[in-house]
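Take a look at the structure below.
Numbering (the numbering used here), first residue to last: 635 to 983.
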């Protein structure tokens, strides 16, 4: 049964969810925003979900041959079996969402550890629950020893039974999109994670879903990491109250246009943003050059803005694939390869 419907999306800056979160294990902290005058808002168009030949109806992240990514293959071999499968259900609304969850060994469910929610691109929708893990870095990296030793956390990868939103021509959403805050809250409570440290991330469809959800529910997430996606800018004003790191590839025009719109929306509000562009993503694939990229991103994040933006140099996400394919799909993993990016997310409160 499809829950797809066309409707006008209202702008909401807060929901009753905030009260529920404040009743959790640890109360959320207050943020202080430093402001400056920004340039005028551009009269730009909203980006499409397709990206540069990718997006909700692209070949899919699983369509890229990642067998030569030895780091990914090692992660899958060592970590995938540490996830177990579970299901969230709303019987009244007829909604069911499968998910993978990683819980650190020995965790008592005493609300002391944060939780990361990853939502994949549309190729993971209507797919086997394992797809959100095997498709790339975004769902699996958080459970590796490298991450867990520094930032122990629970990890959830949501797998929807249908594409939950689309922006091809008009903004089409489903009942599953509106259910995301409830899904996140229910799973967080079920497994006893810290409600004040819920972190959201996603790529393409998952990026769009996380942008939309964060803007409507700014108290839900302690921070969000957005990777190559965009959404109707008229619905995203609530992002001014969200700790944000937004990563796109220059060759993915729709995602980069969407990123630019968010930048200009924030600077038009007089808010300070930090941004770094023209970075060679391929540097992340070689241990001898990765530190150069880590340093560049760390330097930008050290500026201390609540709103941070990375744009990869055009073509650099395709180098590992011989220059072939869609920058949209190829960019996903690069959003998760840098420790500086992951550490920033866990530092948000």
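All residues carry an ideal CB built from backbone N, CA and C; glycine is no exception. These numbers come from a predicted model, not from an experiment.
- When secondary structure is reduced to three states using DSSP, residue 851 falls in the coil class, being assigned neither helix nor strand.
- At a Cβ-Cβ threshold of 8 Å, residue 918 and residue 971 count as neighbours.
- A direct Cα-to-Cα measurement between residue 746 and residue 983 gives close to 14 Å.
- Note that the C-beta distance between residue 900 and residue 907 is below 8 Å.
- In the displayed model, residue 718 falls within a strand according to three-state DSSP.
- By the neighbour-count criterion, in which a residue is buried when 16 or more other Cβ atoms sit within 10 angstroms of its Cβ, residue 857 is buried.
- Only exposed fits residue 738, as fewer than 16 other CB atoms lie within 10 angstroms of its CB.
- In the structure shown, residue 825 falls within a coil segment according to DSSP collapsed to helix, strand and coil.
- Fewer than three pairs of CB atoms, one per stretch, sit closer than 8 Å, so the region 845-852 makes no contact with the region 762-782.
- In the structure shown, residue 778 adopts coil according to DSSP, grouped into three states.
- Here residue 835 has 752 and 859 as same chain residues with Cβ atoms under 6 Å from its own Cβ, once five neighbours each way along the sequence are excluded.
- Around the beta-carbon of residue 779, fewer than 16 other beta-carbon atoms lie within 10 Å, marking it exposed.
- With distances taken between CA atoms, residue 776 lies nearest to 748 out of 795, 748, 797 and 763.
- Assignment of alpha helix (DSSP H) within the region 738-775, counting only whole runs of 4 or more residues, yields 765-768 and 771-774 in chain order.
- Assignment of residue 946 by DSSP, reduced to helix, strand and coil, places it in the strand class.
- Three or more Cβ pairs closer than 8 Å define a contact, and the region 881-893 meets that threshold against the region 933-952.
- By the Cβ-count criterion, residue 828 is buried, with 16 or more other Cβ atoms from all chains shown falling within 10 Å of its own Cβ.
- The continuous beta strand (DSSP E) containing residue 912 extends over residues 907-913.
- Judged by DSSP in its simplified three-state form, residue 883 adopts strand.
- In the three-state scheme derived from DSSP, where H, G and I count as helix and E and B as strand, residue 863 is classed as coil.
- Under the three-state reduction of DSSP, residue 846 is assigned to helix.
- Spanning the alpha carbons of residue 946 and residue 931 requires a straight line of approximately 11 Å.
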